[in-house]
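Here the structure is laid out as structure tokens; the discussion comes afterwards.
Residue numbers (the numbering used here): 76 to 182.
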């Protein structure tokens, strides 16, 4: 679950915006670091890139967990619980990222 939170906390919108521009996402548009605000600031192509990165961090971790639970020979009853709690942790990490001091500053 902690891994899910940390992976969910990766602020791709913030990282990509700092790479392509020196705009502070917290000061422009909605103040969010999400794909929609990145699209407003940097355009559709970069916004789609951020969306795909945000989507893939969740998707790939869930796939990894599913495959690794098979390898660890866990009983079939615990697998859905592991995946569900990790998915919730990813969402919580995305909403309150540790790497941005637990806040997404919207104005």
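Note that CB positions come from ideal geometry on N, CA and C, so glycine has one too.
Establish whether the CB of residue 128 and some CB of chain C are separated by less than 8 Å. Annotation note: the requested chain C is absent from the structure, which comprises a single protein chain.
Exposure of residue 77, with buried meaning 16 or more beta-carbon neighbours within 10 Å: With fewer than 16 Cβ atoms within 10 Å of its Cβ, residue 77 is classed as exposed.
Closest to residue 160 by C-alpha separation, out of 129, 140, 106 and 151, would be which residue? Among 129, 140, 106 and 151, the Cα nearest to that of residue 160 is on 140.
Assign residue 84 to one of three DSSP states: helix, strand, or coil. Three-state DSSP puts residue 84 in coil, outside helix and strand.
Could you have a look at residue 111 and say whether DSSP puts it in helix, strand or coil? Per DSSP, reduced to three states, the secondary structure at residue 111 is helical.
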